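Here the structure comes first, spelled out in C-alpha coordinates, and everything after it is commentary.
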Amino acid sequence: MGDSQLSRYLSDGPGCVHDLLRCVQMFKDVHFSRRKIGSHSWHPYTVPNVPSSCECMWPVDKYGHQEL
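Quick note on UniProt numbering: the sequence shown kicks off at 1 and runs consecutively.
In C-alpha coordinates:
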(Lines of atoms letter the chains of each structure in order from A and count residues from 1; the text may use other names and numbers.)
(Lines give C-alpha, C1' and ligand atoms only; values in the text may rest on other atoms or scores of the structure.)
Protein backbone atom coordinates (compact mmCIF):
# COMPACT_ATOMS: atom_id res chain seq x y z
CA MET A 1 0.00 0.00 0.00
CA GLY A 2 1.52 3.33 -1.05
CA ASP A 3 1.54 6.50 1.05
CA SER A 4 -1.42 8.03 -0.81
CA GLN A 5 -3.45 4.81 -0.48
CA LEU A 6 -2.62 4.54 3.22
CA SER A 7 -3.59 8.16 3.95
CA ARG A 8 -6.86 7.68 2.03
CA TYR A 9 -7.59 4.45 3.95
CA LEU A 10 -6.92 6.14 7.30
CA SER A 11 -9.03 9.21 6.47
CA ASP A 12 -11.96 7.32 4.91
CA GLY A 13 -11.87 4.32 7.22
CA PRO A 14 -12.42 0.76 6.11
CA GLY A 15 -15.24 0.13 3.69
CA CYS A 16 -17.33 -2.92 2.98
CA VAL A 17 -18.35 -4.12 -0.48
CA HIS A 18 -17.78 -0.82 -2.29
CA ASP A 19 -19.41 1.10 0.61
CA LEU A 20 -22.76 -0.70 0.22
CA LEU A 21 -22.44 -2.13 3.73
CA ARG A 22 -21.25 -0.48 6.94
CA CYS A 23 -18.21 -1.46 8.92
CA VAL A 24 -19.33 -1.91 12.55
CA GLN A 25 -16.45 -1.96 15.05
CA MET A 26 -16.09 -5.21 16.99
CA PHE A 27 -14.37 -5.51 20.37
CA LYS A 28 -12.86 -8.44 22.23
CA ASP A 29 -10.75 -9.18 25.28
CA VAL A 30 -7.08 -9.85 24.53
CA HIS A 31 -5.41 -12.48 26.72
CA PHE A 32 -1.68 -12.92 27.05
CA SER A 33 0.98 -13.85 29.60
CA ARG A 34 3.74 -11.63 30.89
CA ARG A 35 6.52 -11.79 33.43
CA LYS A 36 8.65 -9.26 35.24
CA ILE A 37 12.30 -8.94 34.27
CA GLY A 38 14.34 -11.36 36.35
CA SER A 39 11.31 -13.46 37.30
CA HIS A 40 10.78 -17.06 36.22
CA SER A 41 7.00 -17.09 36.62
CA TRP A 42 4.48 -15.97 34.02
CA HIS A 43 1.15 -14.37 34.92
CA PRO A 44 -1.99 -14.17 32.79
CA TYR A 45 -3.07 -10.69 31.81
CA THR A 46 -6.23 -9.49 30.05
CA VAL A 47 -6.88 -6.22 28.27
CA PRO A 48 -10.69 -5.83 28.01
CA ASN A 49 -12.63 -4.34 25.09
CA VAL A 50 -9.85 -3.94 22.54
CA PRO A 51 -11.01 -2.88 19.05
CA SER A 52 -10.26 -5.98 17.01
CA SER A 53 -12.03 -5.89 13.65
CA CYS A 54 -15.19 -4.80 11.95
CA GLU A 55 -18.21 -6.67 10.65
CA CYS A 56 -19.82 -5.61 7.40
CA MET A 57 -23.50 -5.05 8.17
CA TRP A 58 -26.54 -3.89 6.23
CA PRO A 59 -27.31 -0.21 7.00
CA VAL A 60 -31.00 -0.40 7.92
CA ASP A 61 -31.32 3.39 8.20
CA LYS A 62 -30.13 3.77 4.59
CA TYR A 63 -31.72 0.80 2.76
CA GLY A 64 -34.46 -0.43 5.13
CA HIS A 65 -34.95 -3.82 6.76
CA GLN A 66 -34.36 -6.85 4.53
CA GLU A 67 -35.70 -10.37 5.06
CA LEU A 68 -33.61 -13.27 3.81
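For every residue, glycine included, the Cβ atom is placed at its ideal position computed from N, Cα and C.
From a predicted model like this one, the values you see are computed outputs, not experimental measurements.
Under the three-state reduction of DSSP, Val50 is assigned to strand.
The residue from Pro59, His43 and Ser53 with its alpha-carbon nearest to that of Asp29 is Ser53. Listed as beta-bridge partners of Val30 by DSSP are Val47. In the DSSP annotation of this structure, the continuous segment of the alpha helix (DSSP H) that includes Asp61 starts and ends at Val60 to Tyr63. Check the Cα spacing between Val17 and each of Glu55, Lys36, Gly38 and Asn49: the tightest is with Glu55.
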